[in-house]
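What follows is a set of notes on a single structure, which appears directly below.
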Amino acid sequence: MQVVTPASVVILNVHGIGEPSREFEPNEQATWVTVEQFEQVIDAVVGRENVRITFDDGNASDVEIALPRLLERGLRAEFFPLAGRLGEPGRVDRDGVRELLRAGMSIGSHGWAHRDWRRLQAGHAEEEIIEAHRVLREISGHPVTAVAIPFGSYDRHVLRRLRSAQVQRVYTSDGGRARPGAWLQPRNSLHHDMDADWIRKVLHGSPSLPARARMFAARTVKRFRG
Ligand SMILES: [Zn+2]
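For the sequence shown, our numbering puts the final residue at 685, and the numbers step up evenly by one.
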């Protein structure tokens, strides 16, 4: 059978699932979904070669809720924990990261402590990229090749730092479809009030031309601003 690379892929981004066992950060609650919502999404993904799933923030629900449900459905996903928060209450710990890897999942970096990379104080840049990669490499035995940008907040300085850290794939939160081989890949974040209609639109629907033009313009501004 010939393997055909799809012209575009839809990349979903999951944060937390179910009830968190820690306090929410500001504005975080809207990014959490119920177990039922999560199952509805992954049921819709089964059998679709052009959909990928990513997880940000390293919440404990990655291992406790998502992992068994992904495996039941034969799905793979890419997880982006916060290297500086491993083992904190409500977060995945080092063993959890290893469990994800053993189950066939991939690991990338979401930085160190969930800071906005456009507003890093001196000294934090090193921790967010170099130190985070060192810790994740130590746990996984592989160099970090993929990064998910915290809050999807980037500009040309952020992208330059990621390029010089030899990152091969960068995930944003810009929405829309991604080109499979592109360095910068937009994702679609699940959120607490999504419904079947949202899932259908993201997975099947092509956005209208004006909507595509708006997304393209927004992405272009982010890439070059600084
Ligand atoms: Zn995040």
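We put the beta carbon where it would ideally sit given N, CA and C, even for glycine. In this text the structure is predicted, and so the values were computed from the model without any measurement.
Report task. Below 6 Å CB to CB, which residues in the same chain sit around LEU649 once its five sequence neighbours on both sides are set aside? Result -> Position 190 of the sequence shown, counted from the start, is the residue given in the question as residue 649. So the list reads VAL473, VAL492, once near-sequence residues are dropped.
Query raised in the report: Is there at least one non-hydrogen atom of ligand 1 closer than 7 Å to the beta-carbon of ASP554?
Result: Counting from 1 along the sequence shown, the entry for residue 554 is found at position 95. Checking every heavy atom of ligand 1 against the Cβ of ASP554, none is found closer than 7 Å.
Requested in this report: Could you check which residue in ARG535, LEU526, HIS651, GLY640 has the C-alpha nearest to that of VAL551?
Outcome: Stepping through the sequence shown from its first residue, residue 551 is reached at position 92. Nearest C-alpha to VAL551: LEU526.
**Report entry** Check: PRO540 C-beta below 7 Å from any heavy atom of ligand 1
**Finding:** What you label residue 540 is simply residue 81 of the sequence shown in a count that begins at 1. Outside the cutoff, so no.
Query raised in the report: Of all the options ALA503, GLY563, GLU487, ALA466, which has the alpha carbon lying nearest to the alpha carbon of ASP656?
Result: Locating residue 656 in the sequence shown gives position 197, counting from the first residue. Ranking ALA503, GLY563, GLU487, ALA466 by Cα distance to ASP656 puts ALA503 first.
Query raised in the report: Could you give the distance in angstroms between the alpha-carbon of TYR630 and the alpha-carbon of GLY685?
Result: Start at 1 with the first residue of the sequence shown, and residue 630 comes out as number 171. Start at 1 with the first residue of the sequence shown, and residue 685 comes out as number 226. Distance between the alpha carbons of TYR630 and GLY685: 18 Å.
Query - beta-carbon ASP521 near ligand 1 non-hydrogen atom, thresh 7 Å - result: As a working note, residue 521 is residue 62 in the sequence shown. False, no ligand heavy atom lies under 7 Å from that Cβ.
Query raised in the report: Using a C-beta cutoff of 8 Å, does PHE610 count as contacting chain D?
Result: Checking the listed chains, one finds no chain D in this structure; it contains a single protein chain.
Query raised in the report: Taking all protein chains shown into account, do 16 or more other C-beta atoms lie within 10 angstroms of the C-beta of GLY664, making it buried, or fewer, making it exposed?
Result: Residue 664 sits at position 205 when you count from the first residue of the sequence shown. Counting Cβ neighbours within 10 Å, GLY664 comes out exposed, since fewer than 16 surround it.
Query - When TYR613, ARG622, VAL603 are compared against LYS681, the one with the closest alpha-carbon - result: Reading the sequence shown from its first residue, position 222 is the one you call residue 681. When only C-alpha atoms are compared, the closest one is TYR613.
Query raised in the report: Relative to ligand 1, is the shortest distance from any of its heavy atoms to the C-beta of ASP515 smaller than 7 Å?
Result: Sequence index remark: in the sequence shown, residue 515 carries index 56 (1-based). Yes, the Cβ of ASP515 comes within 7 Å of a heavy atom of ligand 1.
Query raised in the report: If we call anything under 8 Å between Cβ atoms a contact, is LEU541 one with ARG553?
Result: Working through the sequence shown from its first residue, we reach residue 541 at position 82. Working through the sequence shown from its first residue, we reach residue 553 at position 94. No.
Query raised in the report: Since LEU643 sits in a beta bridge, which residues does DSSP pair it with?
Result: For the purposes of this step, residue 643 is taken as residue 184 along the sequence shown, with counting starting at 1. Beta-bridge pairing links LEU643 to VAL629.
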